[in-house]
Amino acid sequence: MSPQFRGRVHSCELVITKTKMQAPKSQHTSINAPTSQSLLNYILLALVYGGILLYRRQPLTTKWYYYLILGIIDVEANYIVVKSYQYTSLTSVMLLDCWSIPCVIVLTWIFLKTKYGFRKFFGVGVCVAGLILVVFSDVHASDRAKGPKPLKGDLLVIVGSMLYACSNVTEEYLVKKNNRIELMAMLGIFGAVISGIQISILEREELHSIKWNAGAVFPFIGFALAMFLFYSTVPTVLKICGATMLNLSLLTSDMWAVLIRIFAYHEKVDWMYFVAFACAAGGLLVYSYRSSKEADDTAQVTGASDEQSRVGDEESGIQNQVRSSFAGGNDNQASYKELPSNGSPSKN
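Under this note's numbering, the letters of the sequence shown match residues 458 to 805, in that order.
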């Protein structure tokens, strides 16, 4: 695995850890507006990547309604998962999101025709075993500090993970077929529109009741920035290794989040969570055992993708210059036609 590829995967892990920590922190500061927490991320995506897309002046390579469907799925996935923090513990959310892995495998196998061997299925099975341990612990635990309704929260995470799987597989298909700039721009635009509509229906009262002090604003902004960095990094990783390996690799972020929960929030962690994490980590090792060579072979895709983006920018710049030159030539030609035959300016 090349250092460049490892760096991008580790960046995803660190950013998603930051995201997982900022979401419950917003809940601790009484911000009960899941869609509003994601809105700023979509606005940033629309402004940054939409600006690049406008500069390139290239037509869309995919029908707009595909991006609309992707936006709906992504917005609702974020809403449901952030909502689950109100009912269950941070650690449960972190480990239960691995349910997206078997969902991704099924979807990529059906729609993207991805082939999986027995070793990969076994690795995923070990990860799912960790998920079962988490649910069992939350249902039978006597410590209700995990959340007011841990089972409801667990079910919300599972539903949200299924939607994340649909979103990731769709993004993998689009980013391998089209430009990632277009993907991020259109996801940001439709995500912002859908979030705005949902906020006006579900979260108007919550936003009015929030006391916008530093303790409320900083976690809110931190969550949005972490999401923006994560969304910006994911397309490249999806193009290199696919949605399944991405979801498996992000399980490593759970380890950092558990440590932060212990030392920053001073919360107790049930021993079964460590067993569940061991299962998740072991499943990841089994799944990725034979994919290391594939990663080395595909590491050049990163450089090729970056080079393609640079070429696209250069081509856009050349096209803009050609348009300007052509427009200037037409203006000169028009001015030339206004001159009389002797070449001197005409007199009124």
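The beta carbon of each residue, even a glycine, is placed where N, CA and C say it ideally should be.
Residues of its chain near residue i, where Cβ-Cβ distance is below 7 Å and the 5 sequence neighbours each way are ignored
{"i": "I529", "result": "I651"}
{"i": "Y506", "result": "I638, M641, A642, G645"}
{"i": "E660", "result": "A490, T492, S493"}
{"i": "L510", "result": "I638, E639, A642"}
{"i": "L399", "result": "Past the boundaries of the shown model lies residue 399; the chain is included only from 458 to 805, so the question cannot be answered."}
{"i": "K577", "result": "Y744"}
Option nearest residue i by Cα separation, candidates the options
{"i": "L631", "options": "Y499, Y746, N489, Y522", "result": "Y522"}
{"i": "I589", "options": "K606, F568, L612, I567", "result": "L612"}
{"i": "D531", "options": "L707, Y506, L705, M641", "result": "M641"}
{"i": "A700", "options": "H723, K633, N625", "result": "N625"}
{"i": "T807", "options": "E628, K577, L504, L564", "result": "This structure cannot settle anything about residue 807, because the visible part of the chain is limited to 458 through 805."}
{"i": "F734", "options": "L705, H723, S745", "result": "L705"}
{"i": "S546", "options": "I656, N635, P605, F677", "result": "P605"}
{"i": "A490", "options": "F687, V539, M619", "result": "V539"}
{"i": "N535", "options": "Y688, K577, F731", "result": "Y688"}
{"i": "N635", "options": "P607, Y573, P516, G508", "result": "P516"}
{"i": "L553", "options": "L707, A503, A721, E724", "result": "L707"}
{"i": "A738", "options": "R514, Y542, V583", "result": "V583"}
{"i": "T492", "options": "F680, K696, I656", "result": "I656"}
{"i": "Y499", "options": "T571, K668, A649", "result": "A649"}
{"i": "S745", "options": "S541, L664, Y573, H723", "result": "Y573"}
{"i": "L569", "options": "G740, L695, H723", "result": "L695"}
{"i": "P607", "options": "K577, Y542, T565", "result": "Y542"}
Anticipated Cβ contact below 8 Å, residue i with residue j, distance rounded
{"i": "V743", "j": "F579", "result": "6 Å"}
{"i": "A622", "j": "C560", "result": "3 Å"}
{"i": "G653", "j": "L496", "result": "7 Å"}
{"i": "V581", "j": "I562", "result": "6 Å"}
{"i": "I703", "j": "V691", "result": "According to the sequence shown, residue 703 is Leu rather than Ile. Correct: roughly 7 Å between the Cβ atoms."}
{"i": "Y544", "j": "K633", "result": "Contact doesn't hold; Cβ gap of about 36 Å is too wide."}
{"i": "C736", "j": "A503", "result": "At roughly 39 Å, the Cβ-Cβ gap does not stay under 8 Å, so C736 and A503 are not in contact."}
{"i": "L620", "j": "E533", "result": "6 Å"}
{"i": "L501", "j": "F685", "result": "5 Å"}
Residue i, enclosing alpha helix (DSSP H) - first and last residue
{"i": "H665", "result": "661–666"}
{"i": "Y506", "result": "491–513"}
{"i": "D554", "result": "From DSSP, D554 is part of no alpha helix (DSSP H); its letter is neither H nor E."}
{"i": "Y522", "result": "521–541"}
{"i": "T627", "result": "607–634"}
{"i": "V732", "result": "728–745"}
Contact set for residue i: own chain, Cβ-Cβ below 6 Å, skip 5 residues either direction
{"i": "L525", "result": "F647"}
{"i": "T755", "result": "Because the pLDDT of T755 is 46, which lies under 50, any placement of that residue in the model is unreliable, and the number read from its coordinates should be weighed accordingly. Closer than 6 Å at Cβ, skipping near neighbours: I697."}
{"i": "S618", "result": "D554, W556, S557"}
{"i": "S666", "result": "none"}
Below-9 Å beta-carbon distance, residue i vs any chain C residue
{"i": "Y621", "result": "The structure shown has no chain C; it contains just one protein chain."}
Neighbourhood of residue i by C-beta distance below 8 Å, restricted to the same chain and skipping five residues each side
{"i": "I615", "result": "L553, W556"}
{"i": "V732", "result": "G587, L590"}
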